[in-house]
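**Q**
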Amino acid sequence: MTSAAPAPILQTSHLLGIEGLSAAEITGLLDLAEDYVKLNRAADKKSSLLRGRTLINLFFENSTRTQSSFELAGKRLGADVLNMAVKNSSVAKGETLLDTAATLNAMRPDILIVRHQDSGAVELLSRKIDCCVVNAGDGSHEHPTQALLDALTIRRRGRKFEGLTVAICGDIAHSRVARSNIHLLSRMGARVRLIAPRTLLPADADRFGCEIFTDMREGLKGVDIVMMLRLQLERMTGALVPSTREYFRFYGLDREKLKLAKPGALVMHPGPMNRGVEIDSDVADDLEVSVIQEQVENGVAIRMAVLDALARGLPKEGRNI
Amino acid sequence: MSASNQRVAFRNARLIDPATGLDTRGGLLVENGKIADVGAKLFNTADPHDPEVIDCKGMVLAPGLIDMRVFTGEPGSEHRETLASASEAAAAGGVTTIVTMPNTDPVIDEAALVDFIKRRAAATAKVRVAPMAALTHALKGERMTEIGLLLEAGAVGFTDGDRSVSNTRVLRRALSYAATFDALIVGHAEDSDLSSGASMNEGEFATRLGIPAAPTTAETIIVERDLRLVELTGARYHFSQISCRASLEAIIAAKARGLPVTCGVSAHHLTMNELDVGSYLTFRKVSPPLRSEADRAAMVEGVAEGHIDVIVSSHDPQAADTKRLPFAAAAFGAVGLETLLPAALTIVHNGHAQIIDVLKTVTATPAKLLGLEGGKLAKGAPADLVLFDPDEPFVLDADKLHSRARNTAFEGRKFQGRARMTFVGGECVFDRAKEKKH
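Right under this line is the structure:
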């Protein structure tokens, strides 16, 4: 990782979603992440690329997994990482999002990682803040680093995106993971199938260029990749799905349904899993087919790549505003 | 009753099969509980090699009736009706399949309870029982039931029975979820707020009687609302019973738009109007209430023209404790399994509809909607049959009904045509010639 004058990868100073990215930008990030997978497996995992830079994790919604992944990525690149616990902050005391932005500006961070429960909140913040912003998941909108780490996992398993058939199963309607993956996989030339009961399919789902299936057995036939989504607890109790046992019967991935996919098909899940709801432990724990642990490992690498790519656009001189 | 593996030959019958439009003299052969052969030339002469021959003497031999709306009291109110007593009434009425409503105690809203109904029916009932399951838990209109698992358990449709789901968002989601499985939703069209406390159709007669009443609008609002939700969700939807012209017109228009909707009407609403409530006859307090003569005539026209798909008995047994009360305090409902065929034939005898079209609404069409094998005179179909003389005159005597409850709305009514013999899976489950004389 010699960095005399590394070529820019991203055209923008923020990573707010996959939708705006080109195939070249995605490929650039994946290529860069390959190097970081190697670094992360070395004894000395530390780089000094971001030395002196400040990275703030601002999570309005709890996510231990994603937050630790970003924290680790920042630290391994040598940045100072601050986790702002929103629960105890002034936000919880009624401060508006834009007041928070002003406060953060005054702290002069270089990169801000934001997770927010409302779609569009991260973009709103990015317009009011003077540093790079990475969307770590906003509402039901996008979760770009998840889609990138999924893509990295698929690619590292030797699969080519062109002509690949990927089934995304579960709560498509409320899933930012699904939206980001649909954008990324379609952009890279894969065919995407969406599998869900009608109550969990978003309106006009067919307008995204995906094939829609309400029968999971039909939808899984011949697919290369099965991506399961987490079913949020509050959706399982009769509002959109009658019960977890019914959901598991018709939309839970078990060995029998998986047999319909192409031999050697990979099973993915963004975590955390609801065992016995959307996935059977028998499948989730089978390392022959399940790449769920690899997704976690690749998550750190892809986030390092994103931080690296964004840092290339950061001003080298200090600001005097 | 143990003859299911034997051959039974029907000869000299007027075969009417609404599924194919067949109406001809001919014969029918039953073997192992199924129809082995049927046709105009079959058994024109008696063959001594056939062990059992039934000479139909020119009477109608048609598929056994399928009644899509039957309330029983089992489980929970067995003093009103059990599956066994309802099946006695059904057999006597030429009904070979009863579709039971989930409005029992407990409510049929779990797969294990659908299984219970099926087992009890197999053990105690003379006719086939096809259970409908609740659309929402405990019929509360709040949470959808496990539609997929209930279908696997054998539920033929989903309904909250005598009430509609008032929360539009809950209904939208239930319809949308049901569409996933192509499940049949059966709705009761009555706005519970608008009809709250009402016992009759709103109009001059209710005003004279001083009975709280609800307008037909209470029905049509729900019909129009649910049609919009069908358009949104693509669910397969059947209005259990409609009772007025405005509802019929809305459904005709929806069908013309290609929506997957159908509708039914009860025998009561084809044969009676609000004036039949007379001097507070609680046995004629039904839900929806008997309507104006113009609305009744519209229902007859709807059947004759094929816009109304199904005729039901809306069989609802009530005991003295719920019916021998002042009109407003009395329960809704009347028994009807034994009068479904005679009441439906009324509109044939009046010259308003053809017999084959009327029979279609109680055989082929319900079978198709519910995905049942019966309802037709076809080779390989179950030998569920009714033999009747459509012209046989009789006066309805409530004391001779087979139902445990006797709350008929037709006491003393003159009819023409009733079941002589009824067969389920080739077995004779009713033979009027062997009935005890009262």
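For the record, the sequence lines run as chains C and R.
Following the numbering used here, the residues of the first sequence are numbered contiguously, the last one being 435.
Following the numbering used here, the residues of the second sequence are numbered contiguously, the last one being 1583.
The beta carbon of each residue, even a glycine, is placed where N, CA and C say it ideally should be.
Note that the coordinates shown come from a computational prediction; the quantities given were computed from them, not determined experimentally.
#1: At what residues does the alpha helix (DSSP H) containing R1317(R) begin and finish?
#2: What three-state label does DSSP hand D1212(R) in the structure shown?
#3: Going by other Cβ atoms of all chains shown within 10 Å of its Cβ, with 16 needed for buried, is A1257(R) buried or exposed?
#4: Could you work out which residue in F1261(R), V1240(R), R1214(R), E1219(R) is closest to F1575(R) when comparing CA atoms only?
#5: Suppose you measure from the CA of R1402(R) to the CA of A1279(R); what does that come to, to the nearest Å?
#6: To the nearest angstrom, report how far apart K159(C) and L191(C) are at their CA atoms.
#7: Relative to chain R, which residues along the segment 328-343 of chain C have a C-beta separation below 7 Å, given in chain order?
#8: Between the alpha carbons of M1146(R) and S1388(R), how many angstroms are there, rounded?
#9: Comparing the C-beta of Y1425(R) with each C-beta of chain C, is any distance below 7 Å?
#10: Have a look at the DSSP bridge pairing and note the partners of T1245(R).
#11: Is the distance from the Cβ of V1272(R) to the Cβ of V1569(R) below 7 Å?
#12: Which residue spans inside the segment 1419-1447 of chain R form an unbroken alpha helix (DSSP H) run of at least 4?
#13: Below 9 Å on C-beta distance, what does M1289(R) contact in chain C?
#14: With DSSP run on the structure shown, which of helix, strand or coil describes Q1499(R)?
#15: Check whether the segment 1519-1534 of chain R touches the segment 1445-1463 of chain R, counting contact only when three or more Cβ pairs, one atom from each stretch, lie closer than 8 Å.
#16: Go ahead and label E402(C) buried or exposed: buried means 16 or more other beta carbons lie within 10 angstroms of its beta carbon, across all protein chains shown.
#17: Check distances from the C-beta atoms of the segment 361-388 of chain C to those of chain R and list, in chain order, the residues that come in under 7 Å.
#18: Between the segment 321-331 of chain C and the segment 247-264 of chain C, do at least 3 Cβ pairs fall closer than 8 Å?
#19: To the nearest angstrom, how far is the alpha carbon of D264(C) from that of S357(C)?
#20: Spatial neighbours of T1567(R) within its chain, please: C-beta separation below 6 Å, excluding the five flanking residues on both sides.
#21: Could you spell out the range, first to last residue, of the alpha helix (DSSP H) harbouring V337(C)?
#22: For D1534(R), list the residues DSSP reports as bridge partners.
#23: Flag this pair as yes or no: are the beta carbons of D1421(R) and L1435(R) separated by less than 7 Å?
#24: At 7 Å on the CB atoms, spell out the chain C contacts of G1293(R), in chain order.
#25: Start and end of the beta strand (DSSP E) containing H1383(R)?
#26: Under three-state DSSP, which class holds E1233(R)?
#27: Counting only Cβ pairs nearer than 8 Å, list the residues of chain C close to A1279(R).
#28: Could you check whether R270(C) and A137(C) sit closer than 7 Å to each other, using their CB atoms as the reference points?
#29: Pick out the complete alpha helix (DSSP H) segments inside the segment 264-328 of chain C, 4 residues or longer, and give them in chain order.
#30: Hey, is H1452(R) close to the ligand SAH, as in C-beta under 6 Å from one of its heavy atoms?
#31: Name the DSSP bridge partner or partners of L196(C)?
#32: By the 10 Å Cβ neighbour count, where 16 or more other Cβ atoms means buried, how is K371(C) classified, buried or exposed?
#33: To which residues of the same chain is R1288(R) closer than 7 Å at the C-beta, ignoring the five residues directly before and after it?
#34: Between G1520(R) and I1180(R), is the Cβ-Cβ spacing less than 7 Å?
#35: If you draw a straight line from the alpha carbon of V1205(R) to that of K1524(R), how long is it in whole angstroms?
#36: Under 7 Å, do S1385(R) and V1331(R) count as touching if we go by C-beta distance?
**A** According to the structure shown:
#1: 1313-1325
#2: strand
#3: exposed
#4: V1240(R)
#5: 28 Å
#6: 9 Å
#7: T328
#8: With a pLDDT of 41 at M1146(R), under the threshold of 50, the predicted position of this residue should be treated as unreliable, though the coordinate-derived value follows. Each residue's alpha carbon lies about 40 Å from the other.
#9: no
#10: V1215(R), P1276(R)
#11: yes
#12: none
#13: T313, G352, A353, L354, V355, P356
#14: coil
#15: no
#16: exposed
#17: R363, F364
#18: no
#19: 29 Å
#20: A1236, G1239, V1531, V1574, F1575
#21: Taken as a continuous stretch (DSSP letters only), V337(C) belongs to no alpha helix (DSSP H), as it is neither H nor E.
#22: R1563(R)
#23: yes
#24: E360, R363, F364
#25: 1381-1384
#26: helix
#27: By Cβ distance, chain C contributes nothing, its closest Cβ being about 11 Å from A1279(R), past 8 Å.
#28: no
#29: 290-301
#30: The ligand SAH is not part of the structure shown, which contains no ligands of any sort.
#31: I170(C)
#32: buried
#33: T1281, H1282
#34: no
#35: 18 Å
#36: yes
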